[in-house]
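Q: For what it's worth, UniProt numbering labels the leading residue of the sequence shown as 1, then goes sequentially.
Don't be surprised by glycine CBs; every beta carbon is placed ideally from N, CA and C.
Here it is, the structure in full.
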Amino acid sequence: MQLYGVQSTALRYFLEVARCGSISEASMRLNVAASAVSRQIAKLELALDASLFERRARGMVLSEAGARLAAYARKSQLEAEQVVLEITELHGLQRGHVHVACSEGFALEYMPRSISAFRREYQGIHFTLEVCAPAEATEKVRSGEADLAMTFSLTPQSEIKVEHVMSGAIFAVVANSHPLAGREAVSLAELQPWPIALPKADTTIRQLFDICCGVQGLLFDPVLTTNYVAALYSFVREEGVISLASEMTLQKQVADKVLQCVPILDEGMQARRIELQSMAGRNLPAAVCAFRDFLIADLAKAKR
Numbered sequence: 001m002q003l004y005g006v007q008s009t010a011l012r013y014f015l016e017v018a019r020c021g022s023i024s025e026a027s028m029r030l031n032v033a034a035s036a037v038s039r040q041i042a043k044l045e046l047a048l049d050a051s052l053f054e055r056r057a058r059g060m061v062l063s064e065a066g067a068r069l070a071a072y073a074r075k076s077q078l079e080a081e082q083v084v085l086e087i088t089e090l091h092g093l094q095r096g097h098v099h100v101a102c103s104e105g106f107a108l109e110y111m112p113r114s115i116s117a118f119r120r121e122y123q124g125i126h127f128t129l130e131v132c133a134p135a136e137a138t139e140k141v142r143s144g145e146a147d148l149a150m151t152f153s154l155t156p157q158s159e160i161k162v163e164h165v166m167s168g169a170i171f172a173v174v175a176n177s178h179p180l181a182g183r184e185a186v187s188l189a190e191l192q193p194w195p196i197a198l199p200k201a202d203t204t205i206r207q208l209f210d211i212c213c214g215v216q217g218l219l220f221d222p223v224l225t226t227n228y229v230a231a232l233y234s235f236v237r238e239e240g241v242i243s244l245a246s247e248m249t250l251q252k253q254v255a256d257k258v259l260q261c262v263p264i265l266d267e268g269m270q271a272r273r274i275e276l277q278s279m280a281g282r283n284l285p286a287a288v289c290a291f292r293d294f295l296i297a298d299l300a301k302a303k304r
């Protein structure tokens, strides 16, 4: 059976089960009976002569065939929505919506400032800004929940187009009164005598820091660990400890001479990349394209 013959209802139910990993949860979200969802999935599998899910004790996981169908269905769904949007709403970027997912470092200063600057020219464009862990931001683009992701990355990602890339090197963050303030650069070993505050292990900063310290046999006992990065930099100001960040995360505070970012010499602390991501193969709506181009130009300017 050709894909154009697959009913939109069946694809919609299939995508919801893929998202939830459960027929019962998908049925609640769709507000239809679980038996109806099961029937649609069974019809798809019969029509395609392929098993779309692996049934497991704790839910349903996409098979290889299911993953390929999900990628196709997500793109088709998004492109259909885009056509409707362009016909009914977009007239010279007077109206539109952009959904951005980003890690917390970009949500502190950079993304609100960028959205504000963009809307000064295109006031009809509305935004959703979703803050999440780096891997989750990428997954939201892959699944079509978000149009763009701005996040830190350590490895290439499948089904993701990298619209722009730049260094995401990690810096030591100190208050102006700290003994390391004003240094041209420091090594991780030179940070060891000082109290340090760190993000939790699901961040790329902490992952690289732990790897580099493990390789060198360096031990740190953080006085504060938190999943809220804004608290780290407040604590740096209040307590005079060291923390870690990308230079872009604290652009304004560094420019205002509130905090200092000192380069770290260890090569592993420069292995991170800042990526602006979109779904591979997707034709982006006009409003999303305009904001993507705005960010690329701004990031290129910041890099210079």
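1. I believe L208 touches M248 by the beta-carbon criterion, under 8 Å. Please report the beta-carbon distance rounded to the nearest angstrom.
2. In the DSSP output, which residue or residues are listed as bridge partners for S35?
3. Considering only DSSP beta bridges, list what S243 is partnered with.
4. Roughly how many angstroms separate the alpha carbons of I160 and R292, rounded to a whole number?
5. From what residue to what residue does the alpha helix (DSSP H) around R19 run?
6. In three-state terms, what does DSSP make of K200?
7. Which residue or residues does DSSP assign as beta-bridge partners of R56?
8. Can you tell me the Cβ-Cβ gap for I274 and M166, rounded? I've got them flagged as a contact below 8 Å.
9. Any beta-carbon of chain C closer than 9 Å to the one on S51?
10. With distances taken from CA atoms, which of L15, T226 and D256 is nearest L244?
11. Does DSSP put L90 in a helix, in a strand, or in coil?
12. In terms of DSSP beta bridges, what is E275 paired with?
13. Where does L295 land, buried or exposed, given buried means 16+ other C-beta within 10 angstroms?
14. Nearest-angstrom Cα distance between S187 and S278?
15. Using the beta-carbon count (16 or more within 10 Å), is K140 buried or exposed?
A: In brief:
1. Wrong, their Cβ atoms sit about 16 Å apart, outside the cutoff.
2. DSSP, once it has assigned bridges, lists no residue as partnering S35.
3. V173
4. 15 Å
5. S8 to C20
6. coil
7. G59
8. 5 Å
9. Any reference to chain C falls outside this structure, which holds one protein chain only.
10. T226
11. Interpretation of L90 is limited by its pLDDT of 48, a score under 50 that renders its predicted location unreliable; the figure taken from the coordinates is listed afterwards. Here L90 sits in coil by DSSP.
12. T151 and V165
13. buried
14. 35 Å
15. buried
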